[in-house]
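Colleague: Position one of the sequence shown corresponds to residue 33 (the working numbering), numbered consecutively onward. Note that the Cβ used here is the ideal one computed from N, Cα and C, for glycine as well. Sharing a structure with you now.
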Amino acid sequence: MGSRISTDLGNPIWLKLLKNEAMETDLPVKEVLVRALEYYFAHRLETKVLLKASEAVFDEWQDPRDSEYDRL
């Protein structure tokens with residue numbers, strides 16, 4: 033079951049770039065857009081996972097004895 037969306041990209045250059053990429057890769061515009069969205073969200077999720085993993089490291093830096101340095 034497919035889902036349909038319709039949107040105004042707000043910039044005609046985006047549509048031109050999508051169409052050019054579709055022609056260069058011999059793919060439908062929809063496939064180019066889907067791949068771009070997959071790439072975008074994969075990197076967003078990766079970034080969120082890395083940020084979450086780094087929280088524990090930064091928690092180790094929360095030491096009340098360091099308050100003198102915090103005031104500098």
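1. Helix, strand or coil: which one does DSSP assign to Leu59?
2. Go ahead and pull the three-state DSSP assignment for Thr79.
3. Consult DSSP for Ser35 and reduce its assignment to one of helix, strand or coil.
4. When DSSP labels each residue in this structure, what does Asp40 get in the three-state scheme?
5. Output yes if chain C places a C-beta closer than 7 Å to the C-beta of Val61; else output no.
Modeller: So, to answer that:
1. Residue state, collapsed to three classes: coil.
2. helix
3. coil
4. coil
5. Among the chains in the structure shown there is no chain C, since it carries only a single protein chain.
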